[in-house]
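> Residue numbers (the working numbering): 36 to 137.
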Amino acid sequence: MKPNVKLLRSLIQEVRRMCPEQNMKDNIMIQYILNEARSHRETSEVLCKAREELQNLAETYLCYLESQRLGKEIHTRYTGKGERSVKETADLVGFKLPHDPK
Numbered sequence: 036m037k038p039n040v041k042l043l044r045s046l047i048q049e050v051r052r053m054c055p056e057q058n059m060k061d062n063i064m065i066q067y068i069l070n071e072a073r074s075h076r077e078t079s080e081v082l083c084k085a086r087e088e089l090q091n092l093a094e095t096y097l098c099y100l101e102s103q104r105l106g107k108e109i110h111t112r113y114t115g116k117g118e119r120s121v122k123e124t125a126d127l128v129g130f131k132l133p134h135d136p137k
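(1) I'd like to know whether the C-beta atoms of LYS59 and ARG51 end up nearer to each other than 8 Å.
(2) Take the Cβ of HIS134 as the centre, count every other Cβ of all protein chains shown within 10 Å, and call the residue buried at 16 or more, exposed below.
(3) Any idea if LEU132 is buried or exposed, counting beta-carbon neighbours within 10 angstroms, 16 or more meaning buried?
(4) The alpha helix (DSSP H) spanning LEU46 covers which residue range?
(5) Reducing DSSP to helix, strand and coil, say where HIS110 ends up.
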């Protein structure tokens, strides 16, 4: 698979994760991404002068969308839910409580 096609698919997948309830054909972000990819397509007659620029921009957007999604997941996982017990807090950060020797 060409790297540009793989990059486009990854971008569209991240947009789908952002808006799962919206119809993808009506999504303006996907329409913009596909229009830009079509306008920078390489042909035999004309070579795109900014081919690497578009790929770099797409990779940057993909990194941004993935980071936003992961940031939201981390926020919802670790957000305060009021008072927690010592055991819940230790489990949350990956520690084990020492056993009571008595």
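Beta carbons are placed, not taken as given, at the ideal position from N, Cα and C, and that holds for glycine.
Taking the structure as given:
(1) Note that residue 59 is Met in the sequence shown, not Lys. Their beta carbons are under 8 Å apart, which means MET59 touches ARG51 by this criterion.
(2) exposed
(3) exposed
(4) 38–53
(5) helix
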